[in-house]
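Reading through the structure tokens given below for one structure.
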Amino acid sequence: MTFSKLGLSEKVLQAVEASGYLTPTPIQAEAIPHVLAGRDVLGIAQTGTGKTAAFTLPMLSRLEKGRARARMPRTLILEPTRELAAQVEESFARYGINHKLNVALLIGGVSFGDQETKIMRGADVLIATPGRLLDFSERGKLLLTGIEILVIDEADRMLDMGFIPDIERICKLVPFTRQTLFFSATMPPEITRLTEAFLHNPVRIEVARAASTAITISQGLVASATGPAKRETLRRLIRGAADFKNAIIFCNRKRDVAILHKSLQKHGFNAGVLHGDMDQRARMASLDAFKSGGVDLIVCSDVAARGLDIPDVSHVFNFDVPTHAEDYVHRIGRTGRAGKTGIAVSIVTSADQKYILQIERLIARKIDWLAGESLANLPEEETGHRVPRGERPQRSRRTAPGGGGARARASTSRPSDIAASATTPKPIASHRRDGDRPSGEAVSKQAGAPRQQHQKEDGSPVIGMGDHVPMFLLRPTTVKPGKAAADKGDPGKNTRMG
Ligand code: AMP
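In our numbering, the protein residues as written are -2 to 495.
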């Protein structure tokens, strides 16, 4: 398959060639002809599949006819975060190099003035986050009645961020006759409902499962105590990383992002930071510094980093194991992109074992411990389970949990061990018994179970059972025959795509 067979205009094909793309990705090959034909598209695809070009390229071809009027954009792309919106703007600049189109960006954290000037000039393409878009529309500065194509990107992320009511309002402000292109990595019931309400007879295109991790990524686990020892573990990993170029470091909470960032700087590391509380200018500056090599480490929260396309990241470190298995897939997908190799190492404390099991179920493979690493090596206080007396590591009972013990352990795993074990599978640590792993159907049911309540990024307490899921809740449910039939043909229903 070549791009020239897809029906794209000559100008677009030249830009594609200039980008160095030789063949369309599966989502591009499938979606582009339908978008050009004016069909609604439901694309189930995550970032990294080439989905941005799958909608940008045919939109550019279609925009060659007609022109925009003041305050009335012709096309609208909704993105959940400012960074993703800015990334799509970059794609339009790259692929639209042979077009004279006005592209406007409406995102929070940037002054209204410049954005208004662009809209007044007439935008062919408007890329927006939902909140700022509604602000403009409510102030009468923007009319959505001229929208010919509406793109809703990263819909499941919009759901996580509470944007669905905004999306519904926006869908009602654009003409009924517009074409809608809808993308989501997963199809939870709320998203399915949205597509049923706002898409007209869409073509459904599903590419690579959200649960798959690239084969170009070597994954590994490292055991650690909590507290300062965990930061020491990370420093050891960074210092010993083989073929290190740069790394994205993920924390689960904004508060920890800030602490870790300061700590790394204090220890002489060249580190930047990216989290949702930073203003837009600071976020872009951080990202640019990392992309250009000004800093070689960036400490991130999930919200800030999801979907970012940063080419050439050599390492991803999970300072915290994510509490949602899908986040693991997204995080480590920041490395090993476009055929390059990457290394992803997760720091595991005794409290994280259940999350590692959930991740392994989702990606349908075990993640190996790096050489010499095992939770069994942690002090008893840290593992939470008893180690037979004879097998206990020799250490002073007065060693503080997670203190000198972790530092001493750090010296047992040399850089060469890490490099070697990140590429050579090792047997999983013996504390994980086969009985811990549910069999066949139960595994897939669990991997596809509805998302638990997200642990709050600000570290506020978790309500109810928190992250603990009793086994009875994970058991396969029985569905009444009538409902089962209704659900048939919609594999995404009630299922995290996996
Ligand atoms: P996306 O899924 O849109 O975030 O794209 C992921 C990455 O793939 C981006 O860096 C794109 O530049 C790149 N890309 C998109 N389409 C192609 C293609 N047909 N061939 C090679 N790389 C591509």
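Even glycine gets a Cβ: it sits at the ideal position worked out from N, Cα and C.
ASP59, buried or exposed, once every other Cβ within 10 Å from all chains shown has been counted against 16 | This sequence places Arg at residue 59; Asp is not what is there. Flag for ARG59 reads buried.
Three CB pairs or more closer than 8 Å across the region 140 to 160 and the region 183 to 200 = yes
Out of GLY290, VAL171, VAL313, state which residue places its alpha-carbon closest to the alpha-carbon of ILE235.
-> VAL313
Going along the chain, which residues of its own chain have a beta-carbon closer than 6 Å to the beta-carbon of ILE124, five neighbours each way excluded?
-> ILE74, ALA82, VAL85, GLU86, LEU102
Cutoff 6 Å; reference ASP130; Cβ partners in own chain excluding five residues on either side | Reading off the sequence, residue 130 comes out as Leu, not Asp. So the qualifying residues of the chain are LEU103.
Would the beta-carbon of GLY333 fall within 7 Å of that of GLY45?
-> no
Do the CB positions of PRO21 and MET(-2) come within less than 7 Å of each other?
-> yes
For LYS48, is the beta carbon positioned less than 6 Å from some heavy atom of ligand 2?
-> Annotation note on ligand 2: not contained in the displayed structure, which lists ligand 1 as its ligands.
Is the CB-CB distance between GLU370 and VAL219 below 7 Å?
-> yes
Residue range of the alpha helix (DSSP H) that includes ALA194 = 186 to 195
Have a look at MET281, ASP324, ASN267, ILE202 and flag the residue whose alpha-carbon is nearest the alpha-carbon of PHE247.
-> ASP324
Are there 16 or more other CB atoms within 10 angstroms of the CB of PRO70, so buried, or fewer, so exposed?
-> buried
Starting from THR346, follow the alpha helix (DSSP H) in both directions and report where the run begins and ends.
-> Per DSSP, THR346 belongs to no alpha helix (DSSP H) and is neither H nor E.
I think ILE256 touches LEU271, with their Cβ atoms under 8 Å apart; what is that distance to the nearest whole Å?
-> 15 Å between Cβ atoms; not a contact.
With hydrogens ignored, establish whether the beta-carbon of PRO30 is closer than 6 Å to any heavy atom of ligand 1.
-> no
Starting from VAL148, trace the beta strand (DSSP E) both ways and give me its first and last residue.
-> 146 to 149
Alpha carbon to alpha carbon, what distance is there between SER289 and GLN25?
-> 28 Å
Apart from the five residues on each side of it in sequence, which residues of its chain come closer than 6 Å, Cβ to Cβ, to TYR352?
-> VAL318, THR320
Beta-carbon separation of PRO127 and PHE173 under 7 Å?
-> no
Exposed or buried, THR114, counting other C-beta atoms within 10 Å across all chains shown (16 or more means buried)?
-> exposed
Can you tell me whether ASP157 is buried or exposed, with buried defined as 16 or more other CB within 10 angstroms of its CB?
-> buried
Going by Cα to Cα distance, which pick from ALA286, ILE202, LYS251, LEU141 is closest to PHE52?
-> ILE202
Less than 8 Å between the CB atoms is what I'm expecting for SER347 and LEU375, so what's the real figure, rounded?
-> 6 Å
Between PRO21 and ligand 1, is the CB less than 6 Å from at least one heavy atom?
-> yes
Got a sec? Which residues, its chain only, sit under 6 Å from VAL13 by beta carbon, not counting five neighbours each side?
-> PHE0
Helix or strand or just coil, what does DSSP make of MET56?
-> helix
For ASP365, write down the residues that DSSP places opposite it in a beta bridge.
-> GLY217
Other residues of its chain near ASP293: CB distance less than 6 Å, five sequence neighbours each side excluded | ASN243, ASN267
For CYS168, three-class secondary structure by DSSP | helix
What do you get for GLU80, buried or exposed, if any count of 16 or more other CB atoms within 10 angstroms of its CB means buried?
-> buried
Is ASP132 near ligand 1, judged by its Cβ being under 6 Å from some heavy atom?
-> no
Can you list, in chain order, the residues of its chain whose CB lies under 8 Å from that of ALA90, leaving out five sequence neighbours each side?
-> VAL100
Is it right to say PRO308 is buried, meaning 16 or more other beta carbons lie within 10 angstroms of its own, or is it exposed?
-> exposed
If you check the beta carbons only, do PHE179 and LEU33 fall under 7 Å apart?
-> no
Can you name, in chain order, every residue of its own chain whose Cβ lies under 8 Å from the Cβ of GLN92, other than the five neighbours on each side?
-> A small correction: the amino acid at residue 92 is Tyr; Gln does not occupy that position in the sequence shown. Correct list, in chain order: VAL9, ALA12, VAL13, SER16, ALA50, THR53, LEU54, LEU57.
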